[in-house]
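> Protein chains in written order, with the numbering used here: chain W, 30 to 137; chain V, 32 to 145.
Starting off with a structure, shown below.
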């Protein structure tokens, strides 16, 4: 069975601090992994995706994620949080299976 | 501009009524999807379609129906058989519907059952 688990439904960081949002997956086939961001009452937009070309993937707005097969993880990071990063973030597996989401709060 | 439009943005329904949510895309994408979003549960797949006149059930298809008569349109009907339809509904499309394709999302429709 394929599944995605996002650890932590809420993450709070201070402006300028490191952002780390965790995603673990389970897949019986080679996975394609995605991170999406959702602002309130809007649809989702793609931050980045892993397609097996490189394990470290860079996305928009300074985000990046590293695919670690041994840990079945695809955690999302950003070195320095900005107030505009406050949103909900979703990890997705193979195009149609989404995690429960992590709401990121950025404190001034 | 290319994109996905959903209408209406807000929809109110009385119990026992069927309602249809509209989704249109001008991206020339083959695949289209409907998701339901509830707080703390992420997105759950209702139906998807990879080609005109064909569609498949997702994880929570009961109480919903769809059609795909045109490439650009994928309307979702929430029937009276859906026991708890109040939710945020998102439509998406992708170029070919393969596992590697990113999805493009519409702005969503918030359905409230009164």
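We put the CB at the ideal spot given by N, CA and C, even for glycine.
This structure is a prediction, so every number in the text was calculated from the model and none was measured.
1. With DSSP run on the structure shown, which of helix, strand or coil describes residue 132 of chain V?
2. Is residue 94 of chain V close to chain W, meaning its C-beta is less than 8 Å from at least one C-beta of that chain?
3. What are the residues in the segment 38 to 66 of chain V lying within 8 Å of chain W by C-beta distance?
4. Quick one: grab the DSSP three-state call for residue 114 of chain W.
5. Using the Cβ count rule (16 or more neighbours within 10 Å means buried), how would you classify residue 124 of chain V?
6. Run through chain W and tell me which residues come within less than 9 Å of residue 31 of chain V, C-beta to C-beta.
7. So if I threshold CB-CB distances at 8 Å, which residues from the segment 37 to 50 of chain W count as touching chain V?
8. Smallest Cα separation from residue 122 of chain V: which of V/110, V/56, V/33?
9. Between V/114, V/80, V/104, V/71, which has its C-alpha nearest residue 45 of chain V's C-alpha?
10. What does residue 118 of chain W reach in chain V if we use C-beta pairs closer than 9 Å?
11. Just to make sure I have the definition right: I need the residues of chain W whose C-beta is within less than 7 Å of the C-beta of residue 131 of chain V. Which are they?
12. By Cβ distance, which residues of its chain are closer than 8 Å to residue 112 of chain W, with the 5 residues on each side in sequence left out?
13. Please return the same chain residues whose Cβ sits closer than 6 Å to the Cβ of residue 64 of chain V, not counting the five positions on each side in sequence.
14. How would you write the range of the beta strand (DSSP E) that residue 110 of chain V sits in, first residue to last?
15. Could you give the distance in angstroms between the alpha-carbon of residue 39 of chain W and the alpha-carbon of residue 133 of chain W?
16. With a threshold of 8 Å between beta carbons, is residue 136 of chain V in contact with chain W?
To lay it out plainly:
1. Locating residue 132 of chain V in the second chain gives position 101, counting from the first residue. Looking at residue 132 of chain V - three-state DSSP - the assignment turns out to be coil, as it is neither helix nor strand.
2. By one-based count along the second chain, residue 94 of chain V stands at place 63. Not an interface residue.
3. 64, 66
4. Position 85 of the first chain, counted from the first residue, corresponds to residue 114 of chain W. Residue 114 of chain W falls in the helix class under three-state DSSP.
5. One-based indexing of the second chain puts residue 124 of chain V at position 93. With 16 or more other Cβ atoms within 10 Å, it is buried.
6. The first residue shown for chain V is 32 and the last is 145, placing residue 31 of chain V beyond what the model contains.
7. 38
8. Stepping through the second chain from its first residue, residue 122 of chain V is reached at position 91. Answer by Cα proximity: V/56.
9. Along the second chain, one-based indexing puts residue 45 of chain V at 14. Closest option to residue 45 of chain V, Cα to Cα, is V/114.
10. On the first chain, residue 118 of chain W is found 89 positions in, with the first residue counted as 1. In chain order: nothing, as chain V lies at least about 11 Å away.
11. Taking the first residue of the second chain as 1, we reach residue 131 of chain V at position 100. The answer, in chain order, is 61, 80.
12. Looking up residue 112 of chain W in the first chain gives position 83. Excluding positions up to five away in sequence, the list reads 44, 135, 137.
13. One-based indexing of the second chain puts residue 64 of chain V at position 33. Closer than 6 Å at Cβ, skipping near neighbours: 79, 123.
14. Start at 1 with the first residue of the second chain, and residue 110 of chain V comes out as number 79. Run containing residue 110 of chain V: none; DSSP gives neither H nor E here.
15. Within the first chain, the letter at position 10 stands for residue 39 of chain W. Within the first chain, the letter at position 104 stands for residue 133 of chain W. Each residue's Cα considered, the two are about 6 Å apart.
16. Within the second chain, the letter at position 105 stands for residue 136 of chain V. Yes, residue 136 of chain V counts as interfacial toward chain W.
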